[in-house]
Every structure is written in structure tokens, then in C-alpha cells.
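Numbering (this note's numbering), first residue to last: -6 to 895.
A virtual CB, placed ideally from N, CA and C, is assigned to each residue, including glycine.
Just so you know, these numbers come straight off a predicted model, no measurement behind them.
Report on the structure given below.
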């Protein structure tokens, strides 16, 4: 059926069935049913398997309209093919590949097409005209309404759609190029009907694929599915099978490594510019002309292959193969001869010289293999962008190289998941910096693939906005691209099979930049909302913000997208204070045991094993820390170190002085195996992975959890140790008296607001509270003791075991007093001029109630009574402090209100 029927051209498509009857079965061609092996020529399937298969298919509503969120009952659902892509390639998720929902595909394909058309139709026109053109094109692309466009513009659009070159460098199952195919097809259909032109849908679609679509993927299975989707899209528009069969997509959607050009195990980056530097003579540059002719022949033969029949394909495949091998051979020879290296006797080579020799030797090995392949029929598996798509990307053939649109969903792979060898492969990329992610490299690659003023449209993680690894990428984007739009999904999980924080990035490769770009961010309440609804109503409550951001604000520093009003508040806060980093000895993360289930113990385990408590210490976990309180979970850590020197206790000493702990660790020795770091270090088998400096913990400090929904800090007077989810802040000696004042500042609404402007968002409305963010807080200390006194009061109230409504009322009010006093530190003149300053009034009442007593000098009973008394005074309906607090959002709508609402 497949290899001897669907792939065979027959007169009238007649096929004789086993019973002698004649049926019509079309000739499909296209490579869809080409043999790759004779191993499975004869297989017998029980008929009931096909019954089950067709019953399974009947459960689905099939559609062929690729990027439409609507359902159309027509043919095989390419969405289902996308899920097959995810499930068949079972290690896809390890390779960072996820299938993109069709609502996002439609949004991205439409937006990239709009920007492409606007770029060419609005070129050299006034800004007002460009805005008008964009409105007309957007209406046409999204609603197929041409009312905003003239006949001349429609003809220009039709011509631009014929010329557009599109590439997905990580094509996967082909969703994005397929989406653009459907969008272009729909627009050309509208134009044809409007002008009453001859309309042949199958030929139009075939022409779009032939002239516009390119794609690459490292996985052959993905490429097979992508090609299948394009074949299906052609079949649905045919009333009857085409006599010529389906087109061959082998040189349009190809298997290859987009990021590095590999030949076997060797990485070979061909220097195509080197041909331009070869010697000219009276007759020009014969070498370059020869290479140019070879590349032109490759383009012509690959184009011929697109419509070739079964008889011509082997010949063309062989000719294309030999041309590519010949070019590689000549280029490698030229590279070797252009880089001679003479080693001088007795002179030691530098590291760079040794690397150069290794590179030249690699070229020589590859040259030998290339020349060998020219004489046999062994597989030639090599991908090079400029060799495989010379008509688009090779400067020897085309002086204006590049695609018009590069679109896709690149793989997300953190560098920690890569081997050292894999990381070394990417060292030529500017964005392969620090703990980079592979998607960064694809963005850099995209800039090399796009022509000047070309459009880049990716969906990729947003974590690079304010992570250290993202510095190189932030710098690269701000220097190489003009940002047009960023659609930030916040913590909305686009991919159900992975927790990611993603956004759509629409960029233009341009030296000139728009003054502003649109930044849209979903709020935290859309986690169950359908994407279709979000994209349909972009002005709704689905969005936390839709702001115009200045392009000039983007650089290598953390990207914080805020509107001018919020930016002004942030700037005022930063003008007043100094970074907390300057006031602290250190802000540090806790202990990493490497095996918590061994080193973390509780009272039950300590008693059961009779563990010696001398080297066992209470430890905090992230969930133990709340705002103004610590609820210790009762966990301890075995700390096999001398706490005065931080040196590990020798095993012989541990066995003698702490026999029960030693036996416990011996019993757990198997569990402690497999900590890879230990295999490469001098650490002893019973040590902690990272023990930290014990003395840092053994002092007064402020602690916080690494991940939290809002600012949650507390004083630690009990010398707790912390795990990796705990961060500790220790002030410098000359600021030791300001711990409770700092605590009030850190827990205030002002710094809760500030933190969310600078930190990384997490799922469920949570944020990162690591050193890199906390140390940036602009802090100002005051000699006024209001905040110290109020923070002490809140900590005291939080210790109550039975928190009744009376306690809750006091807590809420005292925290609002702290907020008011903190506001006044940073916006003093503003609050005084609006008659909402409260600091002096609060200070007066504290003195009236507490007199000359310090907070620590009072016993708990007295503290409780005076805290209540102060609350009754300040919260009285007639007291000005209470009423001023209520007026904060009313009398300060542009400063305090946004902070209070954050």
C-alpha cells in the first residue's frame, strides 16, 4: 500500500486489489512513503488492530486549519500531530522542546506578519502615516477586513506575501511555519476575491511552501511530522489527486543542528567570507566565481527537486550531494592554506596557538573525510545554513542575505543540564555567558539569520529579565534589536507539561529604534483562563499592565518594565536610600547538606539514636519564616565540624567523641553516595555539601525565605542555622542598633512594592527573595524610634499563641502605622504638603503611653497592656493619625495609592 502503491505513479491511478477488483489510489510522491529500509517489507497485522485504530480516530474532532483556535471538521488535526510529536519523542522535554498551543501560534504568526508588512509599506513615511498603515494591516490580518487599505496597498501586500522568506530554526512539528502558511494563504485569498482574480488554492499553497517556508530541527522525527503537516495542508485543498503528486520537502525542512555546524563529531564553521579575500587577477576572482556557480547550481537543483518525480530524485540527490561536498572540500582547503602555522623549534606554544593548531587539524581530518565521501555513497549528514540555503543566506550568491521573518519556540535547556563538552561547543556565542540557557543562543542565531529590518518572533522564558545569566542576552538584544512588543505571560503556564515563565518577543533587526514599545503582562489571576479569551480581549482585567516602555531604558542591567508613574516612584525611593549591601556585613544563603533526609533530624530521631547534641543545631527551612515571626518546624542539622574553625571533625575523632552520630552516619552511608561533587573534591564522605561559616549564623540577624508571595522578614535572636531556602542579613557593627527599624522597613508595603519591581516572579504569585535582590533595597535609617518601637510591638503580638480578633486588629493597625512612618521617610515633603504626615503625631502618643520606658525594659504583661492602650488611642475614630492613614490613597493617588494597591 505505502511503498508500492501510494509512492508509485500509475495510469489513471488504477490499483488491482487482491480479489481482482480495480480501485483508485492516488500517487502521492513527496517522500512521504519512501523506503528507508527493506527490513519490514512484509508484516502481517491482525485486522482488529485497524478496527481499534479507526475507533480511536473517531473520538477526535479533526481540523486542518492549523493556527485557528476554532474547530473545523475537515481532516486530520495537525494539533493532534503536535501532541504526537511531544509523546513520540519521549526525551523532548529533556531537550527543552514543548508543543506551542495554537492560540499562541496564531497570535505570533499574525503579529510577525503585521510587522513585516508594516515595515515595507510604511518605509520612509511619516509616523502618522505608519500608524494608519499599521491599523489597516492589523485589521486585514486579524479580521480579514480590507477597509483600511487602498487597492494599491492590497497589490503591494500581495507582492510582499509572494516575496516573504520565513524560517523556524527549531521547527519541531512545524506549527509556526504552518501558521504563517495559513495566514498568507488567507490574505491572498481575500485579495484574489476582491480583484476577482483566478484562484487556485492548491497551487497558491504549494507556491507559498516552495518560495517562503524554511525550517530546521535536530530531531528527524520532528522534521518528518512537520513535513507531514505541510502535505496534509496541500491535500485538503485538492478536489482530486494531483497528477504530479505532492512536493518534495527534503531541502525545505531539514534535519540539522541549527546552533553549530557539525561534520560527524567535528565542529566545522565554514568561513564563507574567506573566498571574497582570495586573489583577483585580470579575469576577476576565479575561485569565488567557481564557488558562486556551485552554490547557484545547488539552489537550482534543490528547487528542481521540490517538484521532481520518483525517477529524477535519485539523480538530483546525488548531484546536490556532490556539489556540497565539492564546495566543502574547496572551502576547507582554502581555510587550511590561509592559516599556515609554523612551529618554531624550542619555543613553547601559547594556549591560543595550541587551540589554533587543533582547529587546523580538525579541518584536515574533515577534508579527508569529505574527499572520501566524494568517491562513495555513504550518508552525508552535514548542515550549514549558508550551504543548505545559499539563495537566502550565502553572501557569495546573495548580497542582501537573510530571512524576513524568523519565528518559533526554541528549546529551553539550562546550561547546568549540558555536559562540559556541550558547553564548549557554544563558546563562540556572545550569549553563552554564565549559567546560560540554550534559548539565548537561538535568539543570537536569529539575529544572524534575519536580514536588516527583518522580524524576530519567539516565545521563550522571561527569567533572563533579572537573572545574572541574562546579562549577556539583555545586552545583545538591546544592541542588536529594536524591541517592538513583549507579551509577558507572568506565571500563566503556557505549557501544561512544564513550569515555565514565558513571553512572546517581537523584535526588529534595526539600527534605528522606536522611542517606545508595548509591554503587556498578565496578572496573577488567569491561571485557569483560556488563552483564546485572553488574546481576544487584550484591554481586560486579564492584564496586570499594558505599558509603553522606552527602548532606551533597555541595556545589560536588569529589565524592569514599569510605566512612567511607577518608574517615578521607584526613582524617588532610590534617590533617598543607599543599597542595603552597603549597610551589611553580608547577606548569605544557608547550608546545603546534599542529603537532607540524612543530615536533617528531629527530636524523635535524636532520642531514638541517642545522638550527641553537641554538634546538632536547630535549622530553619523556608516555610518556617513568616512576616514578623518564625514558626520553627523542629528540624535540626548534624554539623560535623568544629564550630570555632569550621574545619571538619576527623573521622577517627568523630567515631570516639560522637559514637552515636558516627554510627547513624555509617548506617546512612549508602544514602550519602552519589553526590557527584564529593567524587571530584577532597571532602569526606560524611561532610555537608556546603557547610557555610558557622559563626555567620551564630549572631543576631534578619532571616527570610527564598521564595514568598510578599515581603516576609523576621529577627532571629536564637542563632538558628538556615537551609538553602533561607537567606540571612547581618548589619555592620555601626548599624547594630537598627535591626528592628530595618525589620519594619523590609516588611513595609513600600518595600513589598519595590521588591516586585526588581525581582523574578514565580508560579502562583510568588517572588525570588535572594541576595541579588535584597541587597539592592535603598535603605534610610532615622534617629526617630517610631519604626523600632512599632516593629517590636508587632513581633510581640505575633508571639501570642491564640490570635483572636483583638490581636488581629492591633496587628493590622500597627503595620499600617509602620507603613505610614516608612512612607514619610521617602516622601516627606509630599506627605507634609498633602497633610498626611503622621511621624510626629505617632511619636507623641508613644511617649504619652510608654513614658521613658524602653520596650525591652518592660515585662510581657506590661508590654501587652501598653500596646493595647496605644492602639486604642491612635485608632480612635477622631484621632488624626487614623484619619490621615485612611486618606493616603485619596490625597496621594499618584504615589501612595499605587504602593498600597501593589
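Q.
I need the DSSP call for residue 52, collapsed to helix, strand or coil.
A. Three-state DSSP puts residue 52 in coil, outside helix and strand.
Q: Give every residue of the same chain whose Cβ lies closer than 7 Å to the Cβ of residue 275, excluding the five residues on either side of it in the sequence, and list them in chain order.
A: The pLDDT assigned to residue 275 is 42, lower than 50, so where the model puts this residue is not dependable; a value taken from the coordinates is nonetheless given after this. Closer than 7 Å at Cβ, skipping near neighbours: no residue.
Q) Nearest CA to the CA of residue 655: which residue from 626, 608 and 685? A) Comparing Cα positions, the closest option is 608.
Q: Check whether the segment 660 to 671 touches the segment 609 to 626, counting contact only when three or more Cβ pairs, one atom from each stretch, lie closer than 8 Å.
A: Touching, no.
Q | Range covered by the beta strand (DSSP E) that runs through residue 223 | A | Where residue 223 is concerned, there is no enclosing beta strand (DSSP E), although the alpha helix (DSSP H) around it starts and stops at 213 to 228.
Q) Under the rule that 16 or more other beta-carbon atoms within 10 Å means buried, what is residue 181, buried or exposed? A) With 16 or more other Cβ atoms within 10 Å, it is buried.
Q: Using the DSSP secondary-structure output, state which residues sit across from residue 701 in a beta bridge.
A: Residue 701 is bridged to 760.
Q | Reference residue 772, options 625, 743, 806 and 172, closest by Cα | A | In terms of CA proximity to residue 772, 743 leads the group 625, 743, 806 and 172.
**Q.** Residues bridged to residue 904 (per DSSP)
**A.** In this structure the chain extends from -6 to 895, so residue 904 is not present and cannot be described.
Q.
Given a cut-off of 8 Å on the beta-carbon distance, is the pair residue 444 and residue 482 in contact?
A. Contact flag unset, no.
Q. Per DSSP, residue 707 forms a beta bridge with which residues?
A. Answer by DSSP bridge pairing, in chain order: 696.
Q: Inspect the beta-carbon positions of residue 122 and residue 107 and report whether they are closer than 8 Å.
A: Taking a C-beta distance under 8 Å as the contact criterion, residue 122 and residue 107 do not qualify as a contact pair.
Q | Residue range of the beta strand (DSSP E) that includes residue 471 | A | Premise fails: residue 471 lies in the alpha helix (DSSP H), 464 to 473, not in any beta strand (DSSP E).
Q: Quick one: give me the first and last residue of the alpha helix (DSSP H) that residue 860 is part of.
A: Start and end: 853 to 867.
Q. Which residues bound the alpha helix (DSSP H) around residue 347?
A. In the DSSP annotation of this structure, the continuous segment of the alpha helix (DSSP H) that includes residue 347 starts and ends at 344 to 366.
Q | Residue from 500, 426, 875 and 806 with nearest C-alpha to residue 407 | A | Closest by alpha carbon: 426.
Q.
Below 8 Å on the Cβ atoms is my contact criterion, and I expect residue 102 with residue 446 to pass it. Report the Cβ-Cβ distance as a whole number of Å.
A. The pair is not a contact, with the Cβ atoms about 19 Å apart (cut-off 8 Å).
Q) Could you check where the alpha helix (DSSP H) with residue 107 kicks off and where it finishes? A) In the DSSP assignment, residue 107 falls within the alpha helix (DSSP H) that extends over 95 to 114.
Q) For residue 514, does the three-state DSSP call read helix, strand or coil? A) Here residue 514 sits in strand by DSSP.
Q: Let me know the secondary structure DSSP gives residue 721 once reduced to three states.
A: Reduced to three states, the DSSP call for residue 721 is strand.
Q. Just checking my contact of residue 254 with residue 260 at CB under 8 Å: how many whole Å lie between their CB atoms?
A. Confirmed, about 7 Å.
Q. Does the Cβ of residue 721 have 16 or more other Cβ atoms within 10 Å, making it buried, or fewer, making it exposed?
A. Classification for residue 721: buried.
Q: Evaluate contact between the segment 778 to 786 and the segment 500 to 520, counting only Cβ atoms and requiring at least three cross-stretch pairs below 8 Å.
A: By the Cβ rule, the segment 778 to 786 does not count as touching the segment 500 to 520, because fewer than three pairs are nearer than 8 Å.
Q) Would the beta-carbon of residue 366 fall within 8 Å of that of residue 378? A) No Cβ-Cβ contact shorter than 8 Å links residue 366 with residue 378.
Q: Tell me whether the beta-carbon of residue 109 lies closer than 8 Å to the beta-carbon of residue 448.
A: Contact flag set, yes.
Q) Can you tell me the Cα-Cα spacing of residue 711 and residue 821, whole angstroms? A) Approximately 36 Å, taken between the alpha carbons.
Q | Where residue 64 falls, given that 16 or more other Cβ within 10 Å makes a residue buried | A | In this predicted model, residue 64 has a pLDDT of only 49, less than 50, meaning its place in the structure is not dependable; the value taken from the coordinates is given anyway. Residue 64 comes out exposed.
(Q) Among the candidates 699, 576 and 243, whose CA atom is the shortest distance from the CA of residue 310? (A) The shortest Cα separation from residue 310 among 699, 576 and 243 belongs to 243.
Q. Residue range of the beta strand (DSSP E) that residue 397 falls in?
A. Counted as a single uninterrupted DSSP element, the beta strand (DSSP E) harbouring residue 397 occupies residues 396 to 401.
Q.
What does the alpha-carbon distance come out to for the pair residue 8 and residue 194?
A. In a straight line, the C-alpha of residue 8 is about 28 Å away from that of residue 194.
Q) So what's residue 748 in DSSP terms, helix, strand or just coil? A) When secondary structure is reduced to three states using DSSP, residue 748 falls in the helix class.
Q | For residue 208: DSSP bridge partner residues | A | Residue 208 pairs with 161 and 246.
**Q.** Coarse secondary structure for residue 878, derived from DSSP in three states
**A.** Assigned with DSSP and collapsed to three states, residue 878 falls in helix.
Q) How would you write the range of the beta strand (DSSP E) that residue 777 sits in, first residue to last? A) Unbroken run through residue 777: none, as it is neither H nor E.
Q) According to DSSP, what are the bridge partners of residue 453? A) Residue 453 pairs with 496.
Q: Have a look at residue 880 and residue 475 and give me their C-alpha separation to the nearest angstrom.
A: Here the C-alpha atom of residue 880 lies approximately 43 Å from the C-alpha atom of residue 475.
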